[in-house]
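Single-structure report; data block below.
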Amino acid sequence: MENFDVLIIGAGISGIGSAYHLQDKCPGKTYAILESRDALGGTWDLFRYPGVRSDSDMYTLGFSFKPWCDDKSIALGDTILDYVREAATENNIVRHIRFGHRMQSADWDSNSQRWTVTAEHNGEAVQLSCTMLLMCSGYYNYDEPHAPQFAGQESFAGTLVHPQHWPTDLDYQGKRVIVIGSGAAAMTLVPAMAEQAEHVTMVQRSPTYVVSR
44 MENFDVLIIG
54 AGISGIGSAY
64 HLQDKCPGKT
74 YAILESRDAL
84 GGTWDLFRYP
94 GVRSDSDMYT
104 LGFSFKPWCD
114 DKSIALGDTI
124 LDYVREAATE
134 NNIVRHIRFG
144 HRMQSADWDS
154 NSQRWTVTAE
164 HNGEAVQLSC
174 TMLLMCSGYY
184 NYDEPHAPQF
194 AGQESFAGTL
204 VHPQHWPTDL
214 DYQGKRVIVI
224 GSGAAAMTLV
234 PAMAEQAEHV
244 TMVQRSPTYV
254 VSR
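The numbering of the sequence shown is the numbering used here, which starts it at 44 and goes up by one.
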């Protein structure tokens, strides 16, 4: 079993930021980042739907140690991904990331004052130990996003798509599209899809105020 001072779960924007501050404030501490996927970036590497962008301005969402310098404060997803990758590379954080390690459990031992973390890697269980465990994986379920069921959905002859699992080869040019919901994803999807689709309709349950960027 490998022993570390700190284990960070998730190599997204929170995990990379935590790793930087740990290196900076506690240079003598050992750490590793467990990332379930094969790439860093978290949300910004996973979400590839049209128009994906930040919900908050990057001057405040970005890292304090790497100020956001782009002209656009509400940035597109690929630009944010490049930014996170640069931060990890410039600060030698990538070498600490264990890609393909999906955390399964964490058990605290009061006697040793340490966590035993079990992760799955290539189908096998791997155990690591630490004194501090930082959960930086966010609140999304990357494998099973929230997908409400609608009456008659099984008989719908068209294409059903969830933004979290957006097909790279999806062709919606000239199609009539309905977007259900008016949250952050919908607000970015609608104007982006309207550029190619024949018609886009947003269906919302509760009124939403929309202001210009």
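For glycine and all other residues, C-beta sits at the position ideal for the given N, C-alpha and C.
Subject >> Own chain partners of I221 with C-beta closer than 7 Å, once the 5 adjacent residues on each side are dropped >> reply: Looking up residue 221 in the sequence shown gives position 178. The answer, listed in chain order, is T244 and V246.
Subject >> Residues near G217 in its chain [Cβ-Cβ closer than 6 Å; skip 5 each side] >> reply: Here residue 217 is taken as the residue at index 174 of the sequence shown, counted from 1. Hits under 6 Å: E241.
Subject >> D88, buried or exposed, once every other Cβ within 10 Å from all chains shown has been counted against 16 >> reply: Stepping through the sequence shown from its first residue, residue 88 is reached at position 45. The residue is buried, with at least 16 neighbouring Cβ atoms inside 10 Å.
Original post:
Under a Cβ-count criterion, where at least 16 other Cβ atoms within 10 Å of its own Cβ denotes burial, should R96 be classed as buried or exposed?
Top reply: As a working note, residue 96 is residue 53 in the sequence shown. Buried.
Original post:
Helix, strand or coil: how does DSSP classify V220 here?
Top reply: Here residue 220 refers to the residue found at position 177 of the sequence shown. Correct three-state label for V220: strand.
Original post:
Would you call C69 buried or exposed, if buried means 16 or more other Cβ atoms sit within 10 Å of its Cβ?
Top reply: Within the sequence shown, the letter at position 26 stands for residue 69. By the neighbour-count rule (16 or more Cβ atoms within 10 Å), C69 is not buried but exposed.
Original post:
What does M146 pair with, by DSSP beta-bridge criteria?
Top reply: Here residue 146 refers to the residue found at position 103 of the sequence shown. M146 pairs with A162.
Subject >> Local Cβ density within 10 Å of L257, reported as buried at 16 or more and exposed below that >> reply: This structure gives no information on residue 257, because the portion of the chain shown stretches from 44 to 256.
Original post:
Hey, would you say G176 sits closer than 8 Å to A149, going by beta carbons?
Top reply: Residue 176 sits at position 133 when you count from the first residue of the sequence shown. Residue 149 sits at position 106 when you count from the first residue of the sequence shown. Per the sequence shown, the amino acid found at residue 176 is Leu instead of Gly. For L176 and A149, yes; Cβs fall inside 8 Å.
Original post:
Per DSSP, which one or two residues make a beta bridge with M178?
Top reply: Within the sequence shown, residue 178 is the residue found at index 135, counting from 1. According to DSSP, which records beta bridges pairwise, M178 is partnered with I52.
Original post:
Relative to the alpha-carbon of H139, which residue among Q156, N154, S155 and L50 has its alpha-carbon at the smallest distance?
Top reply: Start at 1 with the first residue of the sequence shown, and residue 139 comes out as number 96. Of the listed residues, the one whose Cα sits closest to H139 is L50.
**OP:** Would you give the residue range spanned by the beta strand (DSSP E) that N76 belongs to?
**Re:** Mapped onto the sequence shown, residue 76 falls at position 33. Correcting the residue type first, residue 76 is Ile in the shown sequence and not Asn. Here the beta strand (DSSP E) through I76 covers Y74 to E78.
Subject >> Alpha-carbon to alpha-carbon, D81 and G143 >> reply: Numbered from 1 along the sequence shown, position 100 holds the residue referred to as residue 143. Numbered from 1 along the sequence shown, position 38 holds the residue referred to as residue 81. About 5 Å.
Subject >> CA-to-CA distance, T202 to P210, given in whole angstroms >> reply: Taking the sequence shown and counting its residues from 1, the one referred to as residue 210 is at position 167. Taking the sequence shown and counting its residues from 1, the one referred to as residue 202 is at position 159. Cα to Cα, the separation comes out at about 11 Å.
Original post:
Hey, which unbroken runs of the beta strand (DSSP E) at 3 residues or more fall wholly within the region 199-255?
Top reply: 219-223 and 242-246
Original post:
Is DSSP giving E187 helix, strand or coil here?
Top reply: As a first step, residue 187 must be located in the sequence shown, where it is residue number 144. Three-state DSSP puts E187 in coil, outside helix and strand.
Subject >> Strand pairing of W151, partner residues [DSSP] >> reply: Translated into positions along the sequence shown, residue 151 becomes position 108. Paired residue(s): W158.
Original post:
If you drop the 5 nearest sequence neighbours on each side, which residues of the same chain put their C-beta closer than 6 Å to that of P188?
Top reply: Your numbering for residue 188 matches position 145 in the sequence shown. Excluding positions up to five away in sequence, the list reads H205 and Q207.
**OP:** Tell me where the alpha helix (DSSP H) around A130 begins and ends.
**Re:** On the sequence shown, position 87 is the one that residue 130 refers to. Residues G120 to E133.
Subject >> Closest by C-alpha distance to A228, when choosing among A168, S99, E78 and A162 >> reply: Taking the first residue of the sequence shown as position 1, residue 228 is located at position 185. Comparing Cα positions, the closest option is S99.
**OP:** Compare the Cα-Cα distances from T161 to each of M101, S172, I59 and S249 and report the closest residue.
**Re:** Within the sequence shown, residue 161 is the residue found at index 118, counting from 1. Ranking the options by Cα distance to T161, first place goes to S172.
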